[in-house]
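Visitor: My questions will all concern the structure given below.
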Amino acid sequence: MTTRAECVARDVADPLAGLREQFELPADLIYLDGNSLGALPRAVAVRMQAAVQQEWGQGLIRSWNDAGWIDAPRRVGNLIAPLIGAGIDEVVAADSTSVNLYKVLSAALAIQRAQSPARRVILTERSNFPTDLYIAQSLARQFECELRAVTADRLIESLDARAAVLLLTQVNYRSGALHDMVSLTAAAHQAGAMAIWDLAHSAGAVPVDLNGADADFAIGCGYKYLNGGPGAPAFVWVHRRHVDLFEQPLSGWLGHAAPFAFAEIYRAAPGIARYLCGTPSILSLAALEEGVRTVRAAEAHGGMPALRRKSMALSTLFIELVAERCANLGLTLCSPREAERRGSQVSFAHAGNGCAVMQALIARGVIGDFRAGLTGAQDDPDTRDLLRFGFTPLYTRFVDVWDAVEVLRDVLESGQWREPRFAQRAVVT
Ligand SMILES: *Cc1c(COP(=O)(O)O)cnc(C)c1O
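Numbering (the numbering used here), first residue to last: 36 to 464.
Rendered as structure tokens:
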């Protein structure tokens, strides 16, 4: 049996423990939802104050030059690049993950249409995040392609002569299962398809090596493990071999080769800058820049590999403690048992009402979230309603894991989750 004192001792010995000081976290709250919205970096308030009062208030329009506003998408992209195995000037921070997916999936389909017109299938995972499925559905109609959405175990066999693009989220938003980017990218290439990776639950949580894996395109989210704040800009990466081959369809003026020439005809900028569209959200980019810095701050203590080790230790501890303390209380583990096969989250199904259990936990100061399953056959894992718990290694402590499991045990054992006030589902779960 693990004791609370042992968890406290692990925090004392943890070389990454000091990184928590970078964040403004409410006292008496255990925040296990950094996979949905990262915590607030203390540096953001200071930075926003300066961006609003000096740069906007005093500098006004001059700040596009003087405060480097115009360069922010590229600058923040370069700050993210080492976290995902991208090179300098290969990433820009812009728009949302959904919009960036539209750009890169259009690019991949257009390149395939020109080079291998018989390839007409976008292959993805059925339990991919809905926005990825919806954007793919729209582009499948536009390009007269078929969207083939299969379970993870059927991906490889589905890479046939008609496959144009393999579109995967590296860490599944439901189960937290982690795909092997190297082998799946290689399998896609072997079959003649391109690989697009959504790094929404990877960037800042697991080490990623896009160039090492020889991936084709990638996108990812700024407000999860990168701590950029609600609705933070996303990022986009394109392999150098493709970047100048295609003009992405959202041909706004800031992706133009010379925006301030105000030319009549669009001419795409060379390199990743062509994946920009319109005027960037400067205040949000300023917050994201500080958010990414909180992750880069780990470099002094071992960087992404050290964060990954701690993340695996936290989620493993959570699974072990739930097994010890919540046995026979109706929970079923829905994440891979081996830490190497998980991202930085753990999901459980509950035999009664997972949504009510999560709301009871939140009322007790343990914040995770709830994800409804697809409708379908009972024995299908994609239909399970899930309680999700995220373990951001920058600020989650081992003792938080212990305390969270203790509250979970109490909510389940006492039947508190059955109280009518927890039966009502909020708009955002
Ligand atoms: C969080 C997430 C998104 C978010 O997309 P937005 O455009 O920011 O709403 C997209 N894809 C995946 C896989 C995600 O987990």
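Idealized CB from N, CA, C, for every residue including glycine.
Please report the straight-line C-alpha distance between alanine 221 and alanine 248, rounded to a whole angstrom.
Guide: 8 Å
Visitor: Does the Cβ of threonine 204 have 16 or more other Cβ atoms within 10 Å, making it buried, or fewer, making it exposed?
Guide: buried
Visitor: Within 7 Å: the Cβ of alanine 269 and any heavy atom of ligand 1?
Guide: yes
Visitor: The beta strand (DSSP E) that contains isoleucine 157, what's its start and end?
Guide: 156-160
Visitor: Glycine 338 lies in the alpha helix (DSSP H); which residues open and close that run?
Guide: 338-360
Visitor: Below 7 Å CB to CB, which residues in the same chain sit around proline 242 once its five sequence neighbours on both sides are set aside?
Guide: Met339, Pro340 and Arg343
Visitor: Give the DSSP-derived three-state secondary structure of serine 286 in the structure shown.
Guide: The three-state secondary structure of serine 286, taken from DSSP, is coil.
Visitor: Measure from the alpha carbon of valine 446 to the alpha carbon of each residue in Gly425, Met393, Met83 and Phe424, then state which is nearest.
Guide: Met393
Visitor: Going by DSSP, what residues sit across from arginine 377 in a beta bridge?
Guide: Ala212
Visitor: Assign isoleucine 307 to one of two classes, buried (16 or more other C-beta atoms within 10 Å of its C-beta) or exposed (fewer than that).
Guide: buried
Visitor: Tell me, to the nearest whole angstrom, how far the beta carbon of alanine 102 is from that of leucine 140; I am working on the premise that it is less than 8 Å.
Guide: Actually they do not touch by this definition, with Cβ atoms about 34 Å apart.
Visitor: Quick one: what's got a C-beta closer than 6 Å to arginine 45's C-beta in the same chain, skipping five residues either side?
Guide: Phe433
Visitor: For histidine 274, name the three-state secondary structure that DSSP assigns.
Guide: coil
Visitor: Should phenylalanine 295 go down as buried or exposed, given a rule of 16 or more other Cβ atoms within 10 Å for buried?
Guide: exposed
Visitor: Do you know how far the Cα of glutamate 282 is from the Cα of isoleucine 157?
Guide: 20 Å
Visitor: Measuring CA to CA, which of Lys138, Val401 and Arg328 is closest to proline 76?
Guide: For proline 76, the closest alpha carbon among the candidates Lys138, Val401 and Arg328 is that of Arg328.
Visitor: Where do the ends of the alpha helix (DSSP H) carrying glutamate 448 lie?
Guide: 433-449
Visitor: Determine the extent of the beta strand (DSSP E) in which glutamate 181 is found, giving its start and end residues.
Guide: 181-185
Visitor: Roughly how many angstroms separate the alpha carbons of phenylalanine 426 and alanine 153, rounded to a whole number?
Guide: 43 Å
Visitor: Go ahead and pull the three-state DSSP assignment for phenylalanine 252.
Guide: Here phenylalanine 252 carries a strand assignment [DSSP, helix/strand/coil].
Visitor: Please list, in chain order, all residues of the same chain as tryptophan 452 whose beta carbon is under 6 Å from its beta carbon, the five residues on each side excluded.
Guide: Ala391, Val392, Ala395 and Val446
Visitor: For ligand 1, is there any heavy atom lying closer than 7 Å to the beta carbon of tyrosine 208?
Guide: yes
Visitor: Classify threonine 367 as helix, strand or coil using the three-state DSSP reduction.
Guide: strand
Visitor: Looking at the structure shown, is proline 76 part of a helix, part of a strand, or coil, going by DSSP?
Guide: strand
Visitor: Helix, strand or coil, according to DSSP, for aspartate 233 in the structure here?
Guide: strand
Visitor: Could you compute how far the alpha carbon of leucine 311 sits from the alpha carbon of alanine 358?
Guide: 47 Å
Visitor: What three-state label does DSSP hand glycine 403 in the structure shown?
Guide: coil
Visitor: Could you name the residues of the same chain whose beta carbon sits closer than 7 Å to that of glycine 290, not counting the 5 residues immediately before and after it, in chain order?
Guide: Ala303, Ala304, Ala308, Arg309, Tyr310, Leu311 and Cys312
Visitor: Closer than 6 Å by C-beta to threonine 431: which residues in its own chain qualify, once you throw out the five before and the five after it? Chain order, please.
Guide: Leu349
Visitor: Could you tell me which residues DSSP pairs with tyrosine 66 in its beta bridges?
Guide: Ile402
Visitor: Between which two residues does the alpha helix (DSSP H) holding glycine 112 run?
Guide: 107-115
Visitor: Is cysteine 256 a contact residue of ligand 1, with contact defined as CB to any heavy atom under 7 Å?
Guide: yes
Visitor: Using the C-alpha atoms, what's the distance from proline 455 back to glycine 337?
Guide: 47 Å
Visitor: Based on the DSSP secondary-structure assignment, which residues constitute the bridge partners of leucine 51?
Guide: BP columns for leucine 51 are empty, so no partner.
Visitor: Which class does glycine 120 belong to by DSSP, given the choice of helix, strand or coil?
Guide: coil
Visitor: Return the residue from the list Val217, Leu190, Ala196 and Ile105 that minimises the CA-CA distance to glycine 120.
Guide: Considering only alpha carbons, the answer is Val217.
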